[in-house]
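S.K.: In the UniProt record's numbering, the protein residues as written are 1 to 95. Even glycine gets a Cβ: it sits at the ideal position worked out from N, Cα and C. Remember, it's a predicted structure, so these values are computed and weren't measured experimentally. Below you'll find the structure I mean.
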Amino acid sequence: MLSIKERLLDNIKEKDICELIVDHVEDISLNENVATLLIDKRYVINILQAHKYIEVIVNWVKKAFGENVATTLRLAHPHHWHEREMLVPHAIFYG
């Protein structure tokens, strides 16, 4: 039986997007009507938006898992601030 990631990769024909998914998608969780792709780097989401690959990925998810499945892209690990970094002000407003 194929895993969820392998089922999606079987439907992808473009090499660029396939490489991005193989390299940077950590997990694909599939609920009733939502497929969530956990992406490890923020710049990958920027690449997908810049080249308009998001629409293509949504169509492939629908082809692989059904027409009624929605797609969500999420960052896998948001940046966690260390204690020392939280003490330093990142923006100072002088009114």
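For leucine 2, count neighbouring C-beta atoms within 10 Å of its own C-beta (all shown protein chains included) and say buried if the count is 16 or more, exposed if not.
M.R.: Taking the first residue of the sequence shown as 1, we reach residue 2 at position 2. It counts as exposed.
S.K.: Judging by CA-CA distance, which residue of Val22, Lys41 and Ile17 is the nearest neighbour of arginine 74?
M.R.: Position 74 of the sequence shown, counted from the first residue, corresponds to residue 74. Of the candidates Val22, Lys41 and Ile17, the one whose C-alpha sits nearest the C-alpha of arginine 74 is Lys41.
S.K.: Taking only three categories from DSSP, how would you classify isoleucine 21?
M.R.: Translated into the one-based positions of the sequence shown, residue 21 becomes position 21. Three-state result, isoleucine 21: helix.
S.K.: Whose C-alpha, out of Lys15, Glu32, Ile17 and Ile39, is nearest the C-alpha of glutamate 26?
M.R.: Counting from 1 along the sequence shown, the entry for residue 26 is found at position 26. The option with the nearest alpha carbon to glutamate 26 is Ile39.
S.K.: By the three-class DSSP mapping on this structure, what secondary structure does isoleucine 12 have?
M.R.: Position 12 of the sequence shown, counted from the first residue, corresponds to residue 12. Looking at isoleucine 12 - three-state DSSP - the assignment turns out to be coil, as it is neither helix nor strand.
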